[in-house]
Amino acid sequence: MQEKEVTLGARAALVSVVTRDRNEQEVKASLEELRRLLETAGGEAAFTFIQNKEAPDVRTYIGSGKAAELAYYCATNEVTLAVFDCELSPSQIRNLEDVLGNVRVIDRSMLILDIFALHAVSGEGKLQVELAQLKYTAPRLMGRGVELSRLGGGIGTRGPGESQLETDRRHLQRRVRMLERSLEEMAAGRNVQRQARDRSGLARIAIVGYTNAGKSTLLNYLTDAGILAKDQLFATLDPTTRKCHLPGGETVLLTDTVGFIRNLPHHLIHAFRSTLEEVVYADLLLIVIDASDPEARAQLEVTEQLLESLGAGGKPALYVFNKCDLGAAHPGASHGREHVAYISAATGQGVELMMQKIEDILHEGKRRVTFLIPNAKQGLLSKLYANATVEQVEYGADGVTVTAVVDAKTYGPLREYDVAPVREVQDDE
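Heads up, the final residue of the sequence shown is numbered 877 in my numbering, and it's a clean run with no missing numbers.
Right, here's the structure in full:
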(Lines of atoms letter the chains of each structure in order from A and count residues from 1; the text may use other names and numbers.)
(Lines give C-alpha, C1' and ligand atoms only; values in the text may rest on other atoms or scores of the structure.)
Protein backbone atom coordinates (compact mmCIF):
# COMPACT_ATOMS: atom_id res chain seq x y z
CA MET A 1 0.00 0.00 0.00
CA GLN A 2 2.87 2.36 0.70
CA GLU A 3 3.84 2.92 -2.94
CA LYS A 4 0.74 5.03 -3.55
CA GLU A 5 1.04 7.34 -0.58
CA VAL A 6 1.45 11.03 -1.33
CA THR A 7 5.05 11.89 -0.50
CA LEU A 8 5.77 15.15 1.29
CA GLY A 9 6.23 17.95 -1.21
CA ALA A 10 5.12 15.87 -4.21
CA ARG A 11 4.23 18.09 -7.18
CA ALA A 12 0.89 17.05 -8.61
CA ALA A 13 -1.48 17.76 -11.47
CA LEU A 14 -5.16 18.03 -10.51
CA VAL A 15 -7.37 16.63 -13.26
CA SER A 16 -11.13 16.82 -13.86
CA VAL A 17 -13.74 16.74 -16.63
CA VAL A 18 -16.64 19.11 -17.32
CA THR A 19 -19.52 16.93 -18.53
CA ARG A 20 -23.20 17.32 -19.31
CA ASP A 21 -23.89 16.27 -15.70
CA ARG A 22 -21.21 18.44 -14.08
CA ASN A 23 -20.79 22.10 -15.02
CA GLU A 24 -17.64 24.20 -14.89
CA GLN A 25 -18.54 25.93 -11.63
CA GLU A 26 -19.06 22.61 -9.85
CA VAL A 27 -15.80 21.26 -11.25
CA LYS A 28 -13.78 24.29 -10.15
CA ALA A 29 -15.25 24.17 -6.62
CA SER A 30 -14.47 20.48 -6.35
CA LEU A 31 -10.92 21.00 -7.69
CA GLU A 32 -10.31 23.68 -5.05
CA GLU A 33 -11.34 21.16 -2.41
CA LEU A 34 -9.08 18.57 -4.06
CA ARG A 35 -6.19 21.05 -3.82
CA ARG A 36 -6.78 21.41 -0.08
CA LEU A 37 -6.93 17.63 0.27
CA LEU A 38 -3.60 17.34 -1.53
CA GLU A 39 -2.01 19.95 0.75
CA THR A 40 -3.35 18.12 3.81
CA ALA A 41 -1.66 14.96 2.50
CA GLY A 42 1.63 16.84 2.13
CA GLY A 43 1.58 17.46 -1.62
CA GLU A 44 1.66 20.58 -3.77
CA ALA A 45 -0.56 21.38 -6.77
CA ALA A 46 1.55 22.37 -9.80
CA PHE A 47 -1.40 22.98 -12.14
CA THR A 48 -5.02 22.01 -12.84
CA PHE A 49 -6.06 20.25 -16.03
CA ILE A 50 -9.72 20.44 -17.10
CA GLN A 51 -11.20 18.64 -20.09
CA ASN A 52 -14.63 19.38 -21.63
CA LYS A 53 -16.34 16.16 -22.61
CA GLU A 54 -19.93 14.89 -22.89
CA ALA A 55 -19.05 11.92 -20.71
CA PRO A 56 -15.78 10.57 -19.23
CA ASP A 57 -13.73 8.35 -21.53
CA VAL A 58 -13.97 4.65 -20.63
CA ARG A 59 -10.25 3.98 -21.19
CA THR A 60 -8.48 7.07 -19.84
CA TYR A 61 -11.27 9.26 -18.37
CA ILE A 62 -10.02 12.33 -20.28
CA GLY A 63 -9.48 10.76 -23.73
CA SER A 64 -6.27 9.54 -25.40
CA GLY A 65 -5.38 12.91 -26.96
CA LYS A 66 -5.80 14.78 -23.70
CA ALA A 67 -3.88 12.06 -21.83
CA ALA A 68 -0.90 12.66 -24.17
CA GLU A 69 -1.25 16.42 -23.60
CA LEU A 70 -1.34 15.84 -19.83
CA ALA A 71 1.85 13.77 -20.12
CA TYR A 72 3.58 16.71 -21.83
CA TYR A 73 2.49 19.18 -19.13
CA CYS A 74 3.60 16.79 -16.38
CA ALA A 75 7.03 16.40 -17.97
CA THR A 76 7.56 20.14 -18.44
CA ASN A 77 6.39 20.97 -14.89
CA GLU A 78 8.35 18.19 -13.15
CA VAL A 79 5.13 16.63 -11.90
CA THR A 80 5.34 13.15 -10.36
CA LEU A 81 1.70 12.64 -9.36
CA ALA A 82 -1.65 13.05 -11.15
CA VAL A 83 -4.74 13.27 -8.93
CA PHE A 84 -8.06 12.77 -10.70
CA ASP A 85 -11.15 14.36 -9.15
CA CYS A 86 -13.30 11.27 -9.65
CA GLU A 87 -13.27 7.53 -9.03
CA LEU A 88 -11.04 5.74 -11.55
CA SER A 89 -11.33 2.06 -12.45
CA PRO A 90 -8.24 -0.19 -12.22
CA SER A 91 -8.00 -0.30 -16.03
CA GLN A 92 -8.19 3.52 -16.30
CA ILE A 93 -5.33 3.89 -13.82
CA ARG A 94 -3.28 1.33 -15.74
CA ASN A 95 -3.96 2.99 -19.09
CA LEU A 96 -3.19 6.47 -17.77
CA GLU A 97 0.09 5.37 -16.16
CA ASP A 98 1.10 3.75 -19.45
CA VAL A 99 0.65 7.14 -21.17
CA LEU A 100 2.07 9.32 -18.37
CA GLY A 101 5.19 7.23 -17.86
CA ASN A 102 6.78 7.86 -14.46
CA VAL A 103 3.80 9.86 -13.15
CA ARG A 104 1.76 7.99 -10.55
CA VAL A 105 -2.02 8.17 -10.91
CA ILE A 106 -4.47 8.21 -8.02
CA ASP A 107 -8.10 9.29 -7.72
CA ARG A 108 -9.99 11.39 -5.17
CA SER A 109 -10.94 8.41 -2.99
CA MET A 110 -7.34 7.17 -2.84
CA LEU A 111 -6.19 10.63 -1.74
CA ILE A 112 -8.82 10.75 1.02
CA LEU A 113 -7.78 7.28 2.18
CA ASP A 114 -4.16 8.47 2.27
CA ILE A 115 -5.16 11.37 4.54
CA PHE A 116 -7.14 9.08 6.80
CA ALA A 117 -4.10 6.79 7.11
CA LEU A 118 -2.02 9.84 8.00
CA HIS A 119 -4.41 11.07 10.72
CA ALA A 120 -5.69 7.83 12.29
CA VAL A 121 -4.59 7.72 15.94
CA SER A 122 -6.55 5.05 17.81
CA GLY A 123 -6.15 1.33 17.18
CA GLU A 124 -9.70 1.12 15.88
CA GLY A 125 -9.22 4.10 13.59
CA LYS A 126 -6.09 2.56 12.06
CA LEU A 127 -7.84 -0.76 11.47
CA GLN A 128 -10.81 1.01 9.90
CA VAL A 129 -8.57 2.91 7.50
CA GLU A 130 -6.55 -0.18 6.58
CA LEU A 131 -9.74 -2.12 5.84
CA ALA A 132 -11.03 0.67 3.61
CA GLN A 133 -7.66 0.89 1.83
CA LEU A 134 -7.54 -2.84 1.16
CA LYS A 135 -11.09 -2.97 -0.18
CA TYR A 136 -10.75 0.09 -2.39
CA THR A 137 -7.11 0.67 -3.23
CA ALA A 138 -5.61 -2.83 -3.45
CA PRO A 139 -7.36 -3.88 -6.70
CA ARG A 140 -6.13 -0.64 -8.30
CA LEU A 141 -2.55 -1.14 -7.12
CA MET A 142 -2.35 -4.70 -8.42
CA GLY A 143 -3.48 -3.79 -11.91
CA ARG A 144 0.03 -2.80 -13.05
CA GLY A 145 2.52 -5.52 -13.74
CA VAL A 146 -0.06 -8.31 -13.85
CA GLU A 147 1.27 -9.49 -17.21
CA LEU A 148 4.66 -10.12 -15.58
CA SER A 149 3.34 -12.43 -12.87
CA ARG A 150 0.55 -14.36 -14.60
CA LEU A 151 1.35 -17.96 -15.59
CA GLY A 152 -0.46 -20.02 -18.18
CA GLY A 153 -3.91 -21.27 -17.19
CA GLY A 154 -5.03 -24.86 -16.68
CA ILE A 155 -3.50 -28.00 -15.18
CA GLY A 156 -0.01 -27.68 -13.73
CA THR A 157 -0.26 -23.97 -12.84
CA ARG A 158 -2.07 -24.24 -9.48
CA GLY A 159 -0.76 -24.55 -5.92
CA PRO A 160 2.91 -23.54 -5.45
CA GLY A 161 3.01 -22.56 -9.10
CA GLU A 162 0.19 -20.02 -8.86
CA SER A 163 0.87 -16.47 -10.01
CA GLN A 164 2.22 -13.85 -7.62
CA LEU A 165 -0.99 -11.94 -8.27
CA GLU A 166 -3.12 -14.81 -6.94
CA THR A 167 -0.80 -15.18 -3.93
CA ASP A 168 -1.19 -11.48 -3.18
CA ARG A 169 -4.97 -11.71 -3.53
CA ARG A 170 -5.16 -14.63 -1.10
CA HIS A 171 -3.06 -12.72 1.42
CA LEU A 172 -5.23 -9.60 1.06
CA GLN A 173 -8.43 -11.62 1.46
CA ARG A 174 -7.10 -13.16 4.69
CA ARG A 175 -6.09 -9.75 5.97
CA VAL A 176 -9.53 -8.28 5.16
CA ARG A 177 -11.28 -11.08 7.06
CA MET A 178 -9.00 -10.60 10.05
CA LEU A 179 -9.61 -6.84 10.08
CA GLU A 180 -13.37 -7.33 9.83
CA ARG A 181 -13.34 -9.73 12.80
CA SER A 182 -11.24 -7.32 14.88
CA LEU A 183 -13.54 -4.41 14.08
CA GLU A 184 -16.62 -6.50 14.92
CA GLU A 185 -15.12 -7.19 18.36
CA MET A 186 -14.38 -3.50 18.85
CA ALA A 187 -17.91 -2.62 17.71
CA ALA A 188 -19.28 -5.01 20.34
CA GLY A 189 -17.20 -3.24 22.99
CA ARG A 190 -18.45 0.13 21.73
CA ASN A 191 -22.01 -1.18 22.00
CA VAL A 192 -21.41 -2.10 25.65
CA GLN A 193 -20.19 1.46 26.28
CA ARG A 194 -23.23 2.83 24.49
CA GLN A 195 -25.56 0.72 26.65
CA ALA A 196 -23.82 2.05 29.77
CA ARG A 197 -24.48 5.58 28.53
CA ASP A 198 -28.11 4.63 27.95
CA ARG A 199 -28.41 3.50 31.56
CA SER A 200 -26.93 6.79 32.70
CA GLY A 201 -29.88 8.55 31.05
CA LEU A 202 -27.73 11.44 29.82
CA ALA A 203 -28.87 13.06 26.58
CA ARG A 204 -26.43 12.38 23.74
CA ILE A 205 -25.52 15.11 21.27
CA ALA A 206 -23.47 14.38 18.14
CA ILE A 207 -21.48 17.17 16.49
CA VAL A 208 -21.57 16.50 12.76
CA GLY A 209 -20.81 18.40 9.58
CA TYR A 210 -18.49 18.94 6.66
CA THR A 211 -14.79 18.47 7.23
CA ASN A 212 -13.02 21.59 8.60
CA ALA A 213 -16.31 23.21 9.66
CA GLY A 214 -14.96 23.64 13.20
CA LYS A 215 -16.49 20.66 15.03
CA SER A 216 -13.41 19.87 17.11
CA THR A 217 -12.89 23.54 17.93
CA LEU A 218 -16.47 23.70 19.22
CA LEU A 219 -16.04 20.60 21.39
CA ASN A 220 -12.78 22.00 22.78
CA TYR A 221 -14.47 25.32 23.60
CA LEU A 222 -17.38 23.66 25.40
CA THR A 223 -15.52 20.92 27.28
CA ASP A 224 -11.77 21.64 27.23
CA ALA A 225 -11.43 18.29 25.45
CA GLY A 226 -7.95 19.16 24.20
CA ILE A 227 -8.38 17.34 20.87
CA LEU A 228 -6.50 18.34 17.74
CA ALA A 229 -8.20 21.21 15.90
CA LYS A 230 -6.35 22.38 12.78
CA ASP A 231 -7.36 24.44 9.77
CA GLN A 232 -7.10 21.44 7.46
CA LEU A 233 -9.35 18.70 6.14
CA PHE A 234 -9.89 15.60 8.31
CA ALA A 235 -7.69 16.83 11.15
CA THR A 236 -9.41 14.38 13.51
CA LEU A 237 -10.91 10.96 12.75
CA ASP A 238 -11.58 9.25 16.06
CA PRO A 239 -14.82 10.15 17.86
CA THR A 240 -14.35 11.91 21.19
CA THR A 241 -17.09 12.08 23.84
CA ARG A 242 -17.11 14.54 26.75
CA LYS A 243 -19.61 15.67 29.37
CA CYS A 244 -21.02 19.15 29.06
CA HIS A 245 -23.38 21.23 31.22
CA LEU A 246 -26.34 23.11 29.80
CA PRO A 247 -27.36 26.54 31.18
CA GLY A 248 -29.98 24.95 33.48
CA GLY A 249 -27.39 22.62 35.01
CA GLU A 250 -28.33 19.45 33.09
CA THR A 251 -25.43 17.23 32.05
CA VAL A 252 -25.25 15.97 28.46
CA LEU A 253 -22.76 13.96 26.41
CA LEU A 254 -21.14 15.66 23.40
CA THR A 255 -19.47 13.55 20.71
CA ASP A 256 -17.23 14.90 17.95
CA THR A 257 -17.42 12.82 14.75
CA VAL A 258 -15.40 12.42 11.56
CA GLY A 259 -16.12 15.10 8.99
CA PHE A 260 -18.08 14.57 5.79
CA ILE A 261 -16.97 15.46 2.27
CA ARG A 262 -18.20 15.19 -1.32
CA ASN A 263 -17.96 11.68 -2.76
CA LEU A 264 -16.85 10.10 0.52
CA PRO A 265 -15.65 6.61 -0.49
CA HIS A 266 -18.28 3.92 0.11
CA HIS A 267 -15.78 1.55 1.72
CA LEU A 268 -14.71 4.30 4.09
CA ILE A 269 -18.30 4.83 5.24
CA HIS A 270 -18.67 1.08 5.75
CA ALA A 271 -15.37 0.74 7.64
CA PHE A 272 -16.22 3.67 9.92
CA ARG A 273 -19.82 2.55 10.44
CA SER A 274 -19.33 1.59 14.09
CA THR A 275 -18.06 5.08 14.93
CA LEU A 276 -20.58 6.81 12.69
CA GLU A 277 -23.31 5.01 14.64
CA GLU A 278 -22.76 7.63 17.33
CA VAL A 279 -24.75 9.86 14.98
CA VAL A 280 -27.56 7.33 14.64
CA TYR A 281 -27.98 6.89 18.40
CA ALA A 282 -27.76 10.59 19.27
CA ASP A 283 -30.75 12.42 20.78
CA LEU A 284 -29.77 15.66 19.01
CA LEU A 285 -27.49 16.57 16.12
CA LEU A 286 -25.42 19.74 16.07
CA ILE A 287 -24.90 20.21 12.33
CA VAL A 288 -21.91 22.55 12.07
CA ILE A 289 -21.46 24.63 8.89
CA ASP A 290 -18.54 26.89 7.97
CA ALA A 291 -20.48 30.14 7.52
CA SER A 292 -17.49 31.87 5.89
CA ASP A 293 -17.17 29.31 3.08
CA PRO A 294 -18.84 30.30 -0.22
CA GLU A 295 -19.62 26.59 -0.67
CA ALA A 296 -21.54 26.46 2.65
CA ARG A 297 -24.87 25.67 1.03
CA ALA A 298 -23.48 22.83 -1.11
CA GLN A 299 -21.55 21.43 1.87
CA LEU A 300 -24.71 21.45 3.98
CA GLU A 301 -26.55 19.52 1.27
CA VAL A 302 -23.77 16.90 1.23
CA THR A 303 -23.97 16.62 5.03
CA GLU A 304 -27.74 16.16 5.00
CA GLN A 305 -27.52 13.53 2.25
CA LEU A 306 -24.93 11.53 4.19
CA LEU A 307 -26.98 11.77 7.39
CA GLU A 308 -29.96 10.44 5.46
CA SER A 309 -27.90 7.53 4.13
CA LEU A 310 -26.80 6.69 7.69
CA GLY A 311 -30.42 6.61 8.88
CA ALA A 312 -30.17 9.82 10.91
CA GLY A 313 -32.01 12.15 8.54
CA GLY A 314 -35.09 12.70 10.71
CA LYS A 315 -33.34 13.40 14.01
CA PRO A 316 -33.84 16.66 15.95
CA ALA A 317 -31.12 19.03 14.77
CA LEU A 318 -29.67 22.45 15.51
CA TYR A 319 -27.91 24.02 12.51
CA VAL A 320 -24.82 25.78 13.86
CA PHE A 321 -23.29 28.32 11.46
CA ASN A 322 -19.71 28.61 12.70
CA LYS A 323 -16.86 31.04 11.90
CA CYS A 324 -19.28 33.97 11.79
CA ASP A 325 -16.39 36.18 12.89
CA LEU A 326 -14.83 35.56 9.44
CA GLY A 327 -17.87 36.37 7.32
CA ALA A 328 -21.63 36.14 6.93
CA ALA A 329 -23.38 32.86 6.28
CA HIS A 330 -23.93 32.00 2.64
CA PRO A 331 -27.30 33.41 1.55
CA GLY A 332 -30.07 30.84 1.72
CA ALA A 333 -27.99 28.23 3.52
CA SER A 334 -30.29 28.29 6.56
CA HIS A 335 -33.51 28.53 4.53
CA GLY A 336 -36.26 26.26 5.84
CA ARG A 337 -34.28 25.09 8.88
CA GLU A 338 -36.29 25.47 12.09
CA HIS A 339 -33.48 25.62 14.66
CA VAL A 340 -30.46 27.77 13.73
CA ALA A 341 -27.58 29.31 15.69
CA TYR A 342 -24.77 31.63 14.54
CA ILE A 343 -21.50 31.34 16.45
CA SER A 344 -17.72 31.53 16.42
CA ALA A 345 -16.26 28.52 18.23
CA ALA A 346 -12.86 30.26 18.12
CA THR A 347 -14.01 33.40 20.00
CA GLY A 348 -17.12 32.14 21.83
CA GLN A 349 -19.42 34.56 20.01
CA GLY A 350 -23.02 33.28 20.12
CA VAL A 351 -22.15 30.06 21.98
CA GLU A 352 -24.20 30.96 25.06
CA LEU A 353 -27.31 31.47 22.95
CA MET A 354 -26.57 28.22 21.11
CA MET A 355 -26.44 26.33 24.42
CA GLN A 356 -29.80 27.77 25.42
CA LYS A 357 -31.26 26.58 22.12
CA ILE A 358 -29.83 23.11 22.71
CA GLU A 359 -31.55 23.03 26.10
CA ASP A 360 -34.84 24.23 24.59
CA ILE A 361 -34.78 21.54 21.89
CA LEU A 362 -33.93 18.76 24.33
CA HIS A 363 -36.76 19.87 26.61
CA GLU A 364 -39.37 19.86 23.87
CA GLY A 365 -42.06 17.36 24.88
CA LYS A 366 -40.72 16.98 28.42
CA ARG A 367 -42.99 17.04 31.42
CA ARG A 368 -42.89 18.63 34.85
CA VAL A 369 -43.56 15.87 37.40
CA THR A 370 -43.64 15.67 41.20
CA PHE A 371 -42.26 12.45 42.64
CA LEU A 372 -42.44 11.11 46.22
CA ILE A 373 -39.34 8.97 46.52
CA PRO A 374 -39.19 6.68 49.62
CA ASN A 375 -36.25 7.22 51.92
CA ALA A 376 -35.04 3.71 51.11
CA LYS A 377 -34.83 4.69 47.40
CA GLN A 378 -33.01 7.99 47.77
CA GLY A 379 -30.39 6.76 45.32
CA LEU A 380 -32.92 7.61 42.61
CA LEU A 381 -32.52 11.28 43.52
CA SER A 382 -28.97 11.32 42.15
CA LYS A 383 -30.27 9.91 38.85
CA LEU A 384 -32.80 12.71 38.65
CA TYR A 385 -30.08 15.30 39.21
CA ALA A 386 -28.00 13.68 36.44
CA ASN A 387 -30.76 13.12 33.89
CA ALA A 388 -33.38 15.80 34.52
CA THR A 389 -33.82 19.40 35.56
CA VAL A 390 -34.58 19.30 39.29
CA GLU A 391 -36.57 22.37 40.34
CA GLN A 392 -37.54 21.68 43.96
CA VAL A 393 -36.65 19.16 46.69
CA GLU A 394 -38.37 18.72 50.06
CA TYR A 395 -37.32 16.12 52.65
CA GLY A 396 -40.11 14.62 54.76
CA ALA A 397 -40.86 11.70 57.05
CA ASP A 398 -42.33 9.61 54.20
CA GLY A 399 -39.57 10.36 51.72
CA VAL A 400 -38.26 13.04 49.40
CA THR A 401 -40.70 15.10 47.32
CA VAL A 402 -39.02 16.17 44.09
CA THR A 403 -40.36 18.36 41.29
CA ALA A 404 -38.40 17.90 38.08
CA VAL A 405 -38.67 18.31 34.31
CA VAL A 406 -38.15 14.86 32.80
CA ASP A 407 -38.22 13.16 29.44
CA ALA A 408 -39.97 9.87 28.74
CA LYS A 409 -36.81 7.80 29.26
CA THR A 410 -36.22 9.25 32.73
CA TYR A 411 -39.88 9.18 33.69
CA GLY A 412 -40.44 5.47 32.93
CA PRO A 413 -38.49 3.90 35.84
CA LEU A 414 -39.92 6.53 38.27
CA ARG A 415 -43.55 6.34 37.15
CA GLU A 416 -44.70 4.57 40.34
CA TYR A 417 -43.49 7.50 42.45
CA ASP A 418 -45.46 10.13 40.48
CA VAL A 419 -47.92 11.86 42.85
CA ALA A 420 -49.03 14.80 40.69
CA PRO A 421 -50.93 15.07 37.38
CA VAL A 422 -48.70 14.91 34.32
CA ARG A 423 -48.47 18.32 32.68
CA GLU A 424 -46.63 19.49 29.60
CA VAL A 425 -43.87 21.99 30.30
CA GLN A 426 -45.43 24.43 27.86
CA ASP A 427 -48.69 24.50 29.86
CA ASP A 428 -46.96 26.14 32.80
CA GLU A 429 -45.00 28.68 30.79
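Backbone N, C-alpha and C define an ideal beta-carbon position, used for all residues, glycine too. Just so it is clear, the structure is predicted and the values come from calculations on it, not from any experiment.
{"Query": "Which stretch, first to last residue, makes up the beta strand (DSSP E) that contains residue 768?", "Result": "765-770"}
{"Query": "Let's see if you can read the secondary structure: which residues bound the beta strand (DSSP E) around residue 826?", "Result": "Element bounds for residue 826: n/a, residue is neither H nor E."}
{"Query": "Three-state secondary structure (DSSP) at residue 640?", "Result": "helix"}
{"Query": "Can you find the residues in the same chain that come closer than 6 Å, C-beta to C-beta, to residue 633, ignoring five residues on each side of it along the sequence?", "Result": "none"}
{"Query": "What does a CB cutoff of less than 6 Å around residue 733 pick up in its chain, not counting 5 residues either side in sequence?", "Result": "654, 656, 763, 765"}
{"Query": "Where residue 644 and residue 638 are concerned, what is the direct C-alpha to C-alpha distance, given to the nearest angstrom?", "Result": "10 Å"}
{"Query": "Give me the residue from 615, 578, 472, 717 with the minimum Cα distance to residue 393.", "Result": "A query on residue 393 cannot be resolved here, the shown segment of the chain reaching from 449 to 877 and no further."}
{"Query": "For residue 793, tell me which candidate among 768, 813, 546, 815 has the shortest Cα-Cα distance.", "Result": "768"}
{"Query": "Tell me whether the segment 803-821 and the segment 690-701 touch, counting them as touching only if at least three CB pairs, one residue from each stretch, are closer than 8 Å.", "Result": "yes"}
{"Query": "Compare the beta carbon distance of residue 627 and residue 563 with 8 Å and say whether it is the shorter of the two.", "Result": "no"}
{"Query": "If the criterion is Cβ atoms closer than 8 Å, does the pair residue 495 and residue 525 meet it?", "Result": "yes"}
{"Query": "Just the Cα atoms here: how many angstroms apart are residue 850 and residue 671?", "Result": "29 Å"}
{"Query": "Helix, strand or coil for residue 551 per DSSP?", "Result": "coil"}
{"Query": "Are residue 559 and residue 531 touching if we call contact CB-CB under 8 Å?", "Result": "yes"}
{"Query": "Write down every uninterrupted run of the alpha helix (DSSP H) in the segment 697-725 whose length is 4 residues or greater and which is fully enclosed by it, in chain order.", "Result": "714-719"}
{"Query": "Might you give, ordered along the chain, the residues of its own chain that have their beta carbon closer than 6 Å to the beta carbon of residue 505, omitting 5 neighbours on each side?", "Result": "511"}
{"Query": "If you follow the alpha helix (DSSP H) that residue 811 is in, where does it begin and where does it stop?", "Result": "799-811"}
{"Query": "Can you tell me which of the three DSSP states residue 857 falls into?", "Result": "helix"}
{"Query": "If you reduce the DSSP assignment to three classes, tell me which class residue 729 lands in.", "Result": "coil"}
{"Query": "On the three-pair Cβ rule with 8 Å, is the segment 536-553 touching the segment 472-481?", "Result": "no"}
{"Query": "Do you know how far the Cα of residue 674 is from the Cα of residue 461?", "Result": "36 Å"}
{"Query": "Can you look up residue 518 in the DSSP assignment and give me helix, strand or coil?", "Result": "helix"}
{"Query": "Considering only the alpha carbon of each residue, which of 798, 704, 658, 629 lies closest to residue 738?", "Result": "658"}
{"Query": "Can you name the residues that DSSP bridges to residue 462?", "Result": "496, 531"}
{"Query": "By how many angstroms is the C-alpha of residue 691 removed from the C-alpha of residue 553?", "Result": "45 Å"}
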